[in-house]
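Working notes for the structure below.
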Amino acid sequence: MIIYRARYGGVCFGVKRAIEISLKAVKKGKCIYSLGPLIHNRLAVEKLEKKGIITVDKIRDIKNKKVIIRSHGIPPTLLKKLKRKKFEIVDATCPRVRRAQRYVQEKKAVLSH
5 MIIYRARYGG VCFGVKRAIE ISLKAVKKGK CIYSLGPLIH NRLAVEKLEK KGIITVDKIR
65 DIKNKKVIIR SHGIPPTLLK KLKRKKFEIV DATCPRVRRA QRYVQEKKAV LSH
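Read the sequence shown against the working numbering and you will find it ends at 117, with the numbers running on by one and no gaps.
If you want it as structure tokens, here you go:
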């Protein structure tokens, strides 16, 4: 078996964007909460938590009404719930993920008619 090693490594632009957005958001306030990990990289998430980006699993665990939407997005029902409860929302969803979510919603609407 031949194993090839990539010359370059790193993260996709959606993850890089989410990190940049979250760091800007945390500078404006004391901390911000992410429903689930901001990105799928445990070590990076641990570093971000030291900077004030705190991962929680449930809305009730958010202490200050300031939430960031993780790079992989959240279900539309959860977003509606956050808006209804008057959370300050910083959306770091990857644009490609958001496009896919919109596509699914559009197709779902067509199928339901």
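Don't be surprised by glycine CBs; every beta carbon is placed ideally from N, CA and C.
Taking the alpha-carbon positions, what's the residue i to residue j distance?
{"i": "Ile34", "j": "Lys112", "result": "According to the sequence as given, residue 34 is Lys; it is not Ile. Rounded to the nearest angstrom, the two C-alpha atoms are 39 Å apart."}
{"i": "Asp61", "j": "Ile78", "result": "12 Å"}
{"i": "Lys120", "j": "Phe91", "result": "Nothing about residue 120 can be reported from this structure: the residues present for the chain run from 5 to 117 only."}
{"i": "Tyr107", "j": "Lys85", "result": "21 Å"}
{"i": "Asp65", "j": "Tyr12", "result": "38 Å"}
{"i": "Leu83", "j": "Gln109", "result": "14 Å"}
{"i": "Pro99", "j": "Val114", "result": "23 Å"}
Which word fits residue i, buried or exposed, when buried means at least 16 other C-beta atoms lie within 10 angstroms of its C-beta?
{"i": "Gly14", "result": "exposed"}
{"i": "Ala22", "result": "buried"}
{"i": "Ala104", "result": "exposed"}
{"i": "Leu47", "result": "exposed"}
{"i": "Val30", "result": "buried"}
Measure from the alpha carbon of residue i to the alpha carbon of each residue in the options, then state which is nearest.
{"i": "Ala96", "options": "Val19, Glu110, Lys55", "result": "Val19"}
{"i": "Arg102", "options": "Leu83, His76, Leu86", "result": "His76"}
{"i": "Ile63", "options": "Glu24, Arg88, Met5, Val49", "result": "Arg88"}
{"i": "Gly56", "options": "Arg100, Val114, Ser26, Thr81", "result": "Ser26"}
Under 8 Å, with one C-beta from each stretch per pair, do the region 68-75 and the region 38-45 reach the 3-pair mark? yes
For the region 52-61 and the region 5-12, state whether three or more C-beta atom pairs, one from each stretch, are separated by less than 8 Å. With a cut-off of 8 Å, the region 5-12 and the region 52-61 do not count as touching, because too few Cβ pairs lie within range.
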